[in-house]
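From first to last, the protein sequence lines stand for chains A and B. Using the numbering used here, read the first sequence as starting at 1 and increasing by one per residue. Using the numbering used here, read the second sequence as starting at 1 and increasing by one per residue. In this text, a Cβ means the ideal position worked out from N, Cα and C, and glycines have one as well. If you're wondering where the values come from, they're calculated on a predicted model, not measured in any experiment.
There are 2 protein chains.
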Amino acid sequence: MPSSANTAPTSSRALHHPDRDEIRLEGVLHALADPMRLRVVRALAGSSTELACGDIELAISKSTSTHHYRVLREAGVISQCYRGTAKMNSLRRADLDALFPGLLDCVLRAAARAPSPNS
Amino acid sequence: MPSSANTAPTSSRALHHPDRDEIRLEGVLHALADPMRLRVVRALAGSSTELACGDIELAISKSTSTHHYRVLREAGVISQCYRGTAKMNSLRRADLDALFPGLLDCVLRAAARAPSPNS
């Protein structure tokens, strides 16, 4: 169970995140257009705290998982930071809602209704 | 100007379209995740009639244009049919709205607000 009381210091290892004004609709849609990445986004949307990659079960290889998280981060959908050895993830909901009002919620609702290709 | 009075018979050349229950959220998002395809969708959404490919200015090669229309059709975003020598296009709005309520409108609004990479 992730804890909001995690006070481990953020590592200085930098991960690039686009600024809000660099986030593009097409990039966000592309990032969301994958069942694994949608699963990550749904898990983060349903969590009140940031989640480690290991908290979200994807049943894919570590390298493929890392790729999917990177696509989400580089599109501006999630933010990632190191805390100790764990890479923690959270949705950039405020940025997405400001740029594309309603879009994230529409996609989350559609994903909740749609049959998952893995279910 | 396209005309709704176009009564040319539909060609028998068949173009595959997924049934409504074959349309997948991930496929729709992927189809929308491209500035050229978004431009097509916005043009069709803003038209009360079906549009020929030539009615929508994309400034790209014919083969690339054909590819983009095919991605949209195969994802279930648009329907296409031949009328004489013209391939006519329309949005599958009823199908998309039934499957993913609000999603198309959210994307269209976001696209209208977002700066186009070509503008």
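Using the C-alpha atoms, what's the distance from residue j back to residue i?
i	j	result
Ser48/B	Gln80/B	15 Å
Glu50/B	Arg39/B	15 Å
Arg13/B	Tyr82/B	7 Å
Asp55/A	Leu15/B	44 Å
His30/B	Leu32/A	8 Å
Gly76/B	Arg93/B	10 Å
Glu26/B	Met36/A	10 Å
Leu46/A	Arg113/A	Sequence inspection shows Gly at residue 46/A; the Leu mentioned does not correspond to that position. Taking the straight line joining both Cα atoms gives about 15 Å.
Pro121/A	Arg109/B	Residue 121/A falls outside the range modelled here, since chain A spans only 1 to 119, and no answer is possible.
Ile60/B	Ile60/A	38 Å
I'd like the list of long-range same chain contacts for residue i, defined as Cβ closer than 6 Å, with 5 residues on each side in sequence excluded.
i	result
Lys87/B	Cys53, Gln80
Glu74/A	none
Beta-carbon within less than 7 Å of residue i's beta-carbon, same chain only, minus the 5 sequence neighbours each way: which residues are those?
i	result
Leu135/A	Any question about residue 135/A goes unanswered here, given that chain A covers just 1 to 119.
Leu44/A	Leu51, Ile78, Asn89, Ser90, Leu91
Ala111/A	Leu38, Arg42
Ser63/A	none
Asp97/B	Leu104
Could you round the C-beta distance between residue i and residue j to whole angstroms and report it? I think they count as a contact, below 8 Å.
i	j	result
Asp34/B	His68/B	7 Å
Val107/A	Leu103/B	7 Å
Ser65/B	Leu58/B	5 Å
Starting from the Cα of residue i, find the closest Cα among the options and give me that residue.
i	options	result
Pro18/A	Ile60/A, Arg70/A, Gly84/A	Arg70/A
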